[in-house]
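Undergrad: I have a structure here, written as structure tokens, and I will follow up with some questions on it.
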Amino acid sequence: MGKENKKGRGKFYLFLILAALGGVFVAGFPVVEVMFPDIAGKVNNFRGYYSGQLFVSPDTDSEDYFTEEFHGFKSTMAQEQLFYFIPAANINFDFSAYYDDYSNTLLEFYLYKADDMGSIIATNINVPYAEGRQAGAASQQGAEMPEHANWFSSECTEGIVYTLKVIPKNGHDIGTDFIIRIDVAEGWISLPGLWGLFVGILFFLLILSGILKFIWKVRRKSS
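Here the sequence shown is numbered in the working numbering, starting from 586 and rising by one per residue.
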């Protein structure tokens, strides 16, 4: 009986150890990306996170294009500002823009295809504001904010030239420095979610082993 109890505890301890190792792996994932890029790439592919080239270099010397080197711009607010990018693949992007002083003032920005500036693809004014970084909001601002967020997500098509238009919500914001960024959106599962999935699978296997052990005992007694 003592041996059986020890075997049961052994499985539980193994579950705790593997769950803890999974947590360490997730917490140290930025280090894994640097030291073991091949492993990190496989993990990112599994969770639906794109890790390849983001932008195609434009056939122009314009400084208003996002490139592999520059995924963001710092600029001074005018009546409107236009920025361009060409996705290197079909990628789901997160777009964010905010004033450089992290003030409580929001700005508006819109995504278009460069050859169709009459049709808005996406905009931040349709995204409800979430406090701080809650609910995955790419927000650098505090809790007391108005009607919309300072970010939006949109899937963009490889090779298409897109335009981002930035405008101030108020005229007095003209002349204020702002930052606009394009980042890859999270995949179908976040890193914490990946750890949760791993723990869930371990827990399922632990329960399954208990059920199979019980069935084996019942059959053994009945035979």
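No residue lacks a Cβ here, since even glycine has one placed at the ideal position from N, Cα and C.
Just so it is clear, the structure is predicted and the values come from calculations on it, not from any experiment.
On a Cα-Cα basis, can you pick out the residue from 732, 760, 703, 608 that is closest to residue 666?
TA: Of 732, 760, 703, 608, the residue nearest in Cα terms is 760.
Undergrad: Can you look up residue 705 in the DSSP assignment and give me helix, strand or coil?
TA: Residue state, collapsed to three classes: coil.
Undergrad: Evaluate residue 724 with the Cβ neighbour count: other Cβ atoms within 10 Å of its Cβ, from every protein chain shown; 16 or more gives buried, anything less gives exposed.
TA: In this prediction, residue 724 scores a pLDDT of 48, lower than 50, which makes its location untrustworthy; no coordinate-derived value is stated.
Undergrad: Measure the C-alpha to C-alpha separation of residue 600 and residue 775 and round it to an integer number of angstroms.
TA: Between residue 600 and residue 775, the C-alpha separation is close to 22 Å.
Undergrad: Compute the Euclidean distance between the alpha carbons of residue 794 and residue 607, then round it to the nearest angstrom.
TA: Approximately 20 Å between the Cα atoms of the pair.
Undergrad: Anyone know if the C-beta pair for residue 738 and residue 675 falls short of 8 Å?
TA: The answer is no: Cβ separation not under 8 Å.
Undergrad: With DSSP collapsed to three states, give me the class of residue 711.
TA: In this structure, residue 711 counts as helix in the three-state DSSP scheme.
Undergrad: Are residue 733 and residue 713 close, meaning C-beta to C-beta below 8 Å?
TA: Yes, the Cβ-Cβ distance between residue 733 and residue 713 is below 8 Å.
Undergrad: Around the C-beta of residue 797, are 16 or more other C-beta atoms found within 10 angstroms, so that it is buried, or is it exposed?
TA: The residue in question, residue 797, is exposed, as its Cβ has fewer than 16 Cβ neighbours within 10 Å.
Undergrad: Could you round the C-beta distance between residue 697 and residue 690 to whole angstroms and report it? I think they count as a contact, below 8 Å.
TA: Their Cβ separation, rounded to whole angstroms, is 24 Å, which puts residue 697 and residue 690 out of contact at 8 Å.
Undergrad: Count the other C-beta atoms from every protein chain shown that fall within 10 angstroms of the C-beta of residue 765, then say buried if there are 16 or more, exposed otherwise.
TA: Answer is buried; the Cβ neighbour count reaches 16.
Undergrad: Quick check: residue 694 and residue 751, are their CB atoms within less than 8 Å of each other?
TA: It is a contact, given that the beta carbons lie within the stated cut-off.
Undergrad: What are the boundary residues of the alpha helix (DSSP H) that includes residue 783?
TA: From DSSP, the alpha helix (DSSP H) with residue 783 extends over 776–807.
Undergrad: For the alpha helix (DSSP H) holding residue 624, just list the boundary residues, first then last.
TA: Per DSSP, residue 624 belongs to the alpha helix (DSSP H) from 622–631.
Undergrad: Decide if the region 645–655 is in contact with the region 625–632; the criterion is three or more beta carbon pairs, one per stretch, under 8 Å apart.
TA: No, they do not touch.
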